[in-house]
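Numbering (the working numbering), first residue to last: 410 to 560.
We put the CB at the ideal spot given by N, CA and C, even for glycine.
This structure is a prediction, so every number in the text was calculated from the model and none was measured.
Note sheet for the following structure.
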Amino acid sequence: MKKLFLLLILVISFVSAEELKVTSKYFHYDMAKKESVFKGDVNATKGKDNIQAEEMIVYFDKNKKPQKFVAIGNVRFVIALDKNSTYKGRSDKLVYQLHNGNIILTGNAKIVKLETNESVKGNRIVLNRFTKNAEVTGGKKPVEIIIKVNE
Numbered sequence: 410m411k412k413l414f415l416l417l418i419l420v421i422s423f424v425s426a427e428e429l430k431v432t433s434k435y436f437h438y439d440m441a442k443k444e445s446v447f448k449g450d451v452n453a454t455k456g457k458d459n460i461q462a463e464e465m466i467v468y469f470d471k472n473k474k475p476q477k478f479v480a481i482g483n484v485r486f487v488i489a490l491d492k493n494s495t496y497k498g499r500s501d502k503l504v505y506q507l508h509n510g511n512i513i514l515t516g517n518a519k520i521v522k523l524e525t526n527e528s529v530k531g532n533r534i535v536l537n538r539f540t541k542n543a544e545v546t547g548g549k550k551p552v553e554i555i556i557k558v559n560e
């Protein structure tokens with residue numbers, strides 16, 4: 410139980426000093442696999458960032474530091490990349506790789522920049538939290554991008 414409590418504290422402080430709050434109907438920690446599984450109405454909030462999904466898995470390294478978050482099923486999110494860039498979106502699956510800043514959305518993916526209402530839709534979207542670079546793949550449907558054009 411003490412190890413579980415320590416792990417929860419690590420999850421709560423995963424990247425910075427801001428608190429991470431995760432609620433769900435079910436929680437399981439597997440020490441051998443170094444992963445935490447949250448299932449059922451998962452809601453994770455840290456600062457201005459929020460991710461909601463049916464399931465979320467948090468993967469840890471050997472030092473019990475979070476390395477990757479995977480949200481699966483009806484994923485909805487709001488992520489602030491900086492003071493001027495807040496994105497709202499959805500996808501079937503979201504993978505956040507902490508080591509390189511990649512946020513990978515797959516399946517019915519859409520992101521809207523709240524400040525400008527510009528958006529991008531595709532089957533797969535990769536957005537980098539550090540560089541703010543984006544890559545979009547359409548799959549069977551074409552990529553759809555809506556941007557503001559100053560004339």
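Rounded C-alpha distance that separates residue i from residue j
i, j, result
"L419", "Q476", "Low local confidence applies: a pLDDT of 40 at L419 is under 50, so the model's placement there is unreliable, with the coordinate-based value given in what follows. Each residue's alpha carbon lies about 12 Å from the other."
"E444", "V552", "34 Å"
"V431", "Y438", "14 Å"
"K412", "N459", "Its pLDDT being 40, under 50, K412 is placed unreliably in this model, and the value from its coordinates should be taken loosely. Distance between the alpha carbons of K412 and N459 is about 26 Å."
"K474", "V529", "32 Å"
"T515", "K497", "15 Å"
"V467", "E560", "45 Å"
"S428", "K455", "Checking the displayed sequence, the identity of residue 428 turns out to be Glu instead of Ser. Cα-Cα distance, rounded: 6 Å."
"N537", "A453", "20 Å"
"I513", "K434", "25 Å"
"A543", "I554", "12 Å"
"R499", "K448", "18 Å"
Reference residue i; option with closest CA among the options
i, options, result
"D491", "K541, P551 and I534", "K541"
"A441", "Q461, N472, E428 and G510", "N472"
"F436", "V552, M465 and T454", "M465"
"G482", "D501, V467, Y468 and A453", "D501"
"Q506", "F539, L523 and V484", "F539"
"D470", "H508, G449 and V484", "H508"
Beta-carbon gap between residue i and residue j smaller than 8 Å
i, j, result
"T495", "K549", "no"
"A462", "V451", "yes"
"V504", "V487", "no"
"I534", "V521", "no"
"G510", "N532", "no"
"E527", "N493", "no"
Beta bridge counterpart(s) of residue i as assigned by DSSP
i, result
"E553", "K530"
"E464", "K448 and I481"
"G498", "F486 and I520"
"I430", "Correcting the residue type first, residue 430 is Lys in the shown sequence and not Ile. In the DSSP output, where bridge partners are listed per residue, K430 has T454."
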